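*Asks:* Chains A and B are the protein sequences, given in the same order. All you need for the numbering used here is the position in the first sequence, starting with 1, plus 463. All you need for the numbering used here is the position in the second sequence, starting with 1, plus 463. Beta carbons: idealized from backbone N, C-alpha and C, even for Gly. Remember, it's a predicted structure, so these values are computed and weren't measured experimentally. To start, I am sharing the structure in question, which I have written as structure tokens.
Number of protein chains: 2
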Amino acid sequence: MPQPSAPRKTLGRPPRISREAIIETARRIVTEAGVDRLTMRRLATEIGSTPMALYHHVRDKEELLVLLLDDYATRTLRRPEIPVDPRERIVVAATTIHQALAACPWIVEVLTADDLMSTSALWFVEQIVDGLVECGLSPDRAVHGYRAIWYYTAGEIVVRATAARRRAHDDRATYREQVFADLDPNELPRLAQVADRWAPLTAQDTYLDGLRALVDGLLTSR
Amino acid sequence: MPQPSAPRKTLGRPPRISREAIIETARRIVTEAGVDRLTMRRLATEIGSTPMALYHHVRDKEELLVLLLDDYATRTLRRPEIPVDPRERIVVAATTIHQALAACPWIVEVLTADDLMSTSALWFVEQIVDGLVECGLSPDRAVHGYRAIWYYTAGEIVVRATAARRRAHDDRATYREQVFADLDPNELPRLAQVADRWAPLTAQDTYLDGLRALVDGLLTSR
DNA sequence: GAGCGTTTTTATACACGTAAGAAAAGTTAG
DNA sequence: CTAACTTTTCTTACGTGTATAAAAACGCTC
């Protein structure tokens, strides 16, 4: 790891590559060829270096992906107009983040970070926590509320993205259909009732509905 | 893939290993040595075979993990006493699943399945959907409600488990602390206000609170 | 300029998941 | 018995992330 504030001007061998250059090249590879094609070797050759040289600027591939996510967030997250109604403010902030993340599905492997801690995302966290406080929650409960919203949001994206990946990869969907076709209406009547509609129902985008329900519930709990 | 209903008695070379034996051995390895130590090579040698032989019984490692999760669910998920109040029924069903999954954190990589479709888990899905319907939701909205609950539940587990893994792996937590220490109280007042309490606050287990809020919100939405 | 300390880069190597195809071990038809 | 056919297993090989240690490139001091 390079020290941001070195005591001397330059000490030791001068670097030929930088963290910024790595992220930049990685971003180009991802946008041009997809995240699957982003390998440490390819990244190294495209940047004109060797694979192991990257590891002096990045701890491992996962950190590189986190950095890419941060970069993406900083680059595309634009602060929307914020409504005065605090409840709507929460919804807008969460929806904006969700929208941005859902638009780049390759982040799934990184999204399991326990928070979005990109500096550019913090503003959205602030909006959510502040909205919850303004609606009467204590600061502590507001943080918990934000966490619940984050769990819901991250879960939605991860689950949806993984399902899409599996669907593209093979036909395991067939297995699920089989399970639903073989349901015993006596044991699981409700599921049998909706069995044939399950696929289209779960394909619908109901993020906003669930989010509103969650926010409503968080605000009415005393 | 072995055909469950072969036309003839046995045709072709008789198998030396079976899917069940693979799962059994894999389970033993995971419980004894952890999921990290479960490699196709080790599994093969411990079962007395070769890595590629496994691939005639299992599509890939991910499917093996899904099968392991199914096996785990079937083995440990016990149906709890179900309250008569439908709202409580939903909460109990979701909490039971959450508890079981949270107890075996290695599933994180699999948990991104878009549903828990283990047969033994379907009963819990039924309880949730049925509870929502009994509270007045249409079947379609009940399915959406179940999905919201699943997003929240899966998100909570994935986020928490990943955070724990990172914490054990290295000191990226320090980075987060740094972010919170450097907060500008003018720009992000609420976050600055709770900055020093953020770590303990987010460490608390508030799954049940969030779940109740979500269920309440789902049921009061018309 | 020779050695030294520091930092970055490179070379080599290992374990992993798994693709591709050859080999093996049965049953059945002639 | 032999040959064809089927299913499972084994051999070999590739690309991956990355650990380890050696090498290289700089400023510094004597």
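Are three or more beta carbon pairs between the segment 646-654 of chain A and the segment 586-595 of chain B nearer than 8 angstroms?
*Replies:* Contact between the segment 646-654 of chain A and the segment 586-595 of chain B is present, because at least three Cβ pairs lie under 8 angstroms.
*Asks:* Can you tell which of B:R628, B:I612, B:R630, B:S601 has the C-alpha that lies nearest to the C-alpha of V622 of chain A?
*Replies:* Per the Cα distances, B:I612.
*Asks:* Using the beta-carbon count (16 or more within 10 Å), is A676 of chain B buried or exposed?
*Replies:* Answer is buried; the Cβ neighbour count reaches 16.
*Asks:* Rounded to whole angstroms, what is the Cα-Cα separation between Y638 of chain A and D523 of chain B?
*Replies:* Rounded to whole angstroms, Y638 of chain A to D523 of chain B spans 16 angstroms at the Cα level.
*Asks:* Could you tell me whether the Cβ of P602 of chain B comes closer than 8 angstroms to any Cβ of chain A?
*Replies:* Chain A, which has a Cβ nearer than 8 angstroms to the Cβ of P602 of chain B, makes this yes.
*Asks:* Suppose only complete runs of 3+ residues qualify. What are the beta strand (DSSP E) ranges in the segment 498-569 of chain B, listed by chain order?
*Replies:* DSSP runs (the beta strand (DSSP E)) wholly in the segment 498-569 of chain B: none.
*Asks:* G599 of chain A to L682 of chain A, Cα distance in whole Å?
*Replies:* For G599 of chain A and L682 of chain A, the distance between alpha carbons rounds to 8 angstroms.
*Asks:* Under 8 angstroms between the Cβ atoms of L671 of chain A and T537 of chain A?
*Replies:* Cβ atoms of L671 of chain A and T537 of chain A: not closer than 8 angstroms.
*Asks:* Report the option in B:R476, B:I480, B:L531, B:P477 whose CA atom is closest to the CA atom of S581 of chain B.
*Replies:* Nearest of B:R476, B:I480, B:L531, B:P477 to S581 of chain B, Cα basis: B:L531.
*Asks:* Mind checking which residues open and close the alpha helix (DSSP H) that includes E650 of chain A?
*Replies:* Counting along the chain, E650 of chain A falls outside any alpha helix (DSSP H), and DSSP gives it neither H nor E.
*Asks:* Specify the secondary structure class of T686 of chain A as computed by DSSP and reduced to three states.
*Replies:* Residue numbering for chain A in the displayed model covers 464 to 685; residue 686 of chain A lies beyond these limits and cannot be assessed.
*Asks:* Going by Cα to Cα distance, which pick from B:G511, B:M503, B:Y535 is closest to V521 of chain B?
*Replies:* The shortest Cα separation from V521 of chain B among B:G511, B:M503, B:Y535 belongs to B:M503.
*Asks:* Could you work out which residues of chain A lie near G680 of chain B, taking near to mean beta carbons separated by less than 8 angstroms?
*Replies:* Going along chain A in sequence order, the residues near G680 of chain B (Cβ under 8 angstroms) are R675, A676, L677, V678, D679, G680, L681, T683.
*Asks:* Quick one: Cα of I510 of chain A to Cα of E544 of chain A, how far?
*Replies:* Straight-line Cα distance between these residues: approximately 39 angstroms.
*Asks:* Runs of 4 residues minimum, wholly inside the segment 577-625 of chain A: which ones carry the alpha helix (DSSP H) assignment?
*Replies:* Counting whole runs of 4 or more residues, the segment 577-625 of chain A contains the alpha helix (DSSP H) stretches 582-597.
*Asks:* For R653 of chain A, which residues in chain B fall below 8 angstroms Cβ to Cβ?
*Replies:* Those are E589, V592, D593, V596, P602, A605, listed as they occur along chain B.
*Asks:* Let's test the definition: count the other Cβ atoms within 10 Å of the Cβ of L564 of chain A and tell me whether it reaches 16, buried, or not, exposed.
*Replies:* L564 of chain A should be labelled buried.
*Asks:* Does the separation of the CB atoms of V606 of chain B and V642 of chain A fall below 8 angstroms?
*Replies:* Not a contact, by the Cβ cut-off of 8 angstroms.
*Asks:* Distance, Cα to Cα, W569 of chain B vs V498 of chain B?
*Replies:* Cα to Cα, the separation comes out at about 6 angstroms.
*Asks:* Answer with yes or no whether the minimum CB distance from L564 of chain B to chain A is below 8 angstroms.
*Replies:* No, because no Cβ of chain A sits closer than 8 angstroms to the Cβ of L564 of chain B.
*Asks:* Comparing alpha-carbon positions, which option in A:A627, A:R552, A:L674, A:A566 lies nearest A662 of chain A?
*Replies:* It is A:A627.
*Asks:* Quick one: is E619 of chain B near chain A, going by C-beta distance under 8 angstroms?
*Replies:* By this cut-off, E619 of chain B is an interface position.
*Asks:* With a threshold of 16 other CB atoms inside 10 Å of the CB of L646 of chain A, please say whether the residue is buried or exposed.
*Replies:* Buried, since its Cβ has 16 or more Cβ neighbours within 10 Å.
*Asks:* At a CB-CB cut-off below 7 angstroms, which residues of chain B make contact with L585 of chain A?
*Replies:* Going along chain B in sequence order, the residues near L585 of chain A (Cβ under 7 angstroms) are L651, L654.
*Asks:* Closer than 8 angstroms between beta carbons: that is the criterion. Which residues of the segment 491-521 of chain B meet it against chain A?
*Replies:* So the list is empty, because no residue satisfies the distance condition.
*Asks:* Going by CA-CA distance only, name the one from B:A484, B:D548, B:D533, B:R610 that's closest to A584 of chain B.
*Replies:* Among B:A484, B:D548, B:D533, B:R610, the Cα nearest to that of A584 of chain B is on B:D533.
*Asks:* For L506 of chain B versus I485 of chain B, is the C-beta distance shorter than 8 angstroms?
*Replies:* Yes, the pair counts as a contact, with Cβ atoms nearer than the cut-off.
*Asks:* Could you name the residues of chain B that R657 of chain A contacts, counting a contact when the two beta carbons are closer than 9 angstroms?
*Replies:* Here residue 657 of chain A is Val; the residue named in the question, Arg, does not match the sequence. Result: V592, P602, D603, A605, V606.
*Asks:* Below 7 angstroms CB to CB, which residues in the same chain sit around D596 of chain A once its five sequence neighbours on both sides are set aside?
*Replies:* Note on residue identity: the sequence assigns Val, not Asp, to residue 596 of chain A. These residues qualify, in order along the chain: P602, A605.
*Asks:* In whole angstroms, what is the alpha-carbon distance linking L409 of chain B and T513 of chain A?
*Replies:* No answer is possible for residue 409 of chain B: the residues shown for chain B start at 464 and end at 685.
*Asks:* Grab the span of the alpha helix (DSSP H) containing D672 of chain B for me, first residue to last.
*Replies:* Its alpha helix (DSSP H) spans residues 670-683.
*Asks:* Counting only Cβ pairs nearer than 8 angstroms, list the residues of chain B close to D548 of chain A.
*Replies:* Per Cβ cutoff of 8 angstroms: no residues; D548 of chain A is ~17 angstroms from chain B at best.
*Asks:* Within its chain, find whatever has a CB closer than 8 angstroms to the CB of T488 of chain B; leave out the 5 residues flanking it on each side and keep chain order.
*Replies:* Result list for T488 of chain B: L506, E509, I510, in chain order.
*Asks:* Less than 8 angstroms between the beta carbons of L528 of chain B and V571 of chain B, yes or no?
*Replies:* No; because the gap between Cβ atoms is not below 8 angstroms, this pair is not in contact.
*Asks:* What residues of chain A sit near V554 of chain B, judged by a beta carbon separation below 8 angstroms?
*Replies:* Those within 8 angstroms of V554 of chain B in chain A number zero; the least Cβ separation is about 12 angstroms.
*Asks:* What is the DSSP secondary structure of R660 of chain A, reduced to helix, strand or coil?
*Replies:* Helix.
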